[in-house]
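To start, the structure itself, in structure tokens.
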Amino acid sequence: MRRQVAELAAVLNAPFTGDGSAVVTGAATDSRAVHPGDLFVALPGARVDGHCFLEQVAAHGAAAALVSQPVDLALPQIVVPITQTALQTLARHERAHADYRLLALTGSIGKTTTKEMLITLLGSAFPVGFTRGNRNSEIGFPAELCSQKAGIRWMVAELGMSHAGELDRLGAIARPDALLYTVVAPVHLEFFPSVDAIAEAKAELIPHLRSDGVLLLNAADPRVAAFDRRFDGRVVRYGRPGADLWLDR
């Protein structure tokens, strides 16, 4: 991202205070992780409210803040009803105007390890961006997408979920060119009645895969392998002898 405050406010159809020409180069939701040029997204929380840290992020070099309650500071502030929703809108806009391809991956187990492998493989041939740490949620992923630098050819995005509907919303933002599944396992069963229900929630990403994209499925997991019926485009199976791709050793 590299946008002026006034541009971002126009995307959100929202008013702003302060210098509209200030340049935003990233996004952050944690006041302790703000870098110079970031748009700080002030999220309300059960224990703390991000609006309490506007002076702190201004001192750390934030270019602007996304707020629902403006305060009397020189820091430019874009004023919206719900800051999380506005962050997701900005991420959707950035993705729609991006000139890189996005590989999304999800699964109950192995997401982060697989992500790191893909970053290494793709990074040997292309400039690559990626989601950092566990920033794979409805808050973390949009902030990461808004923080990608110019010149990358691929973004590797780990997407996670705890409840049904979350991956549908993340998929609408990501619009992946490639989508990889690891495995479906009994994780988060406190929120789902069965492993099959988890599989259904994981499959919510597939309708958002671009029609000319590729779906990569772990052939060793029957639930994942069955996702091939949900996509009319190119499907690549991996992970066991006889699949399209596998390792001998």
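For the sequence shown, the numbering used here gives the first residue as 379, with consecutive numbering after it.
Glycine included, C-beta positions come from ideal geometry on N, C-alpha and C.
Comparing C-alpha distances from P585 to each of S525, V562, L545 and A464 shows the shortest one belongs to L545. Annotation for I497: V506, F508 and V534 place their beta carbon closer than 7 Å to its own, counting only its chain and skipping 5 residues before and after. Annotation: Q466 is outside any beta strand (DSSP E); the continuous alpha helix (DSSP H) that includes it extends over T461 to A474. Remark: three or more beta-carbon pairs, one from each stretch, lie closer than 8 Å, so the stretch 480-491 and the stretch 555-563 are flagged as touching. By the neighbour-count criterion, in which 16 or more other beta carbons inside 10 Å mark a residue as buried, V402 falls on the buried side. Boundaries for R588: no alpha helix (DSSP H) harbours it, and the DSSP string shows neither H nor E there. If you compare the alpha carbons of T484, G396, R473 and I530 with that of L444, the shortest gap goes to G396. Across the set A469, A603, G591 and L583, the C-alpha of L583 shows the shortest separation from the C-alpha of T484.
Take L390, set aside five residues on each side of it, and the residues of its chain with a beta-carbon closer than 8 Å to its own are I456, V458, A464, T467 and L468, in chain order. T395 sits in a strand when the DSSP states are folded into three classes.
Taking a contact as a CB-CB distance under 8 Å, the pair G415 and G439 counts as one, their CB atoms being some 7 Å apart. Under the three-state reduction of DSSP output, P422 falls in the strand class. For V565 and S486, the gap between their C-alpha atoms comes out near 6 Å. E516 is a Cβ neighbour of L548, given a cutoff of 9 Å.
Taking S409 as reference, the option from G511, G428, I576 and P393 with the minimal CA-CA separation is G428.
The alpha-carbon separation between A437 and E494 amounts to approximately 33 Å. Between F569 and L587, the gap from beta carbon to beta carbon reaches 9 Å or more. The beta carbon of A441 sits closer than 8 Å to the beta carbons of V383, A400, V401, V402, T403, P414, G415, D416, L417 and P454 from its chain, once the five residues preceding and following it are set aside; these are given in chain order.
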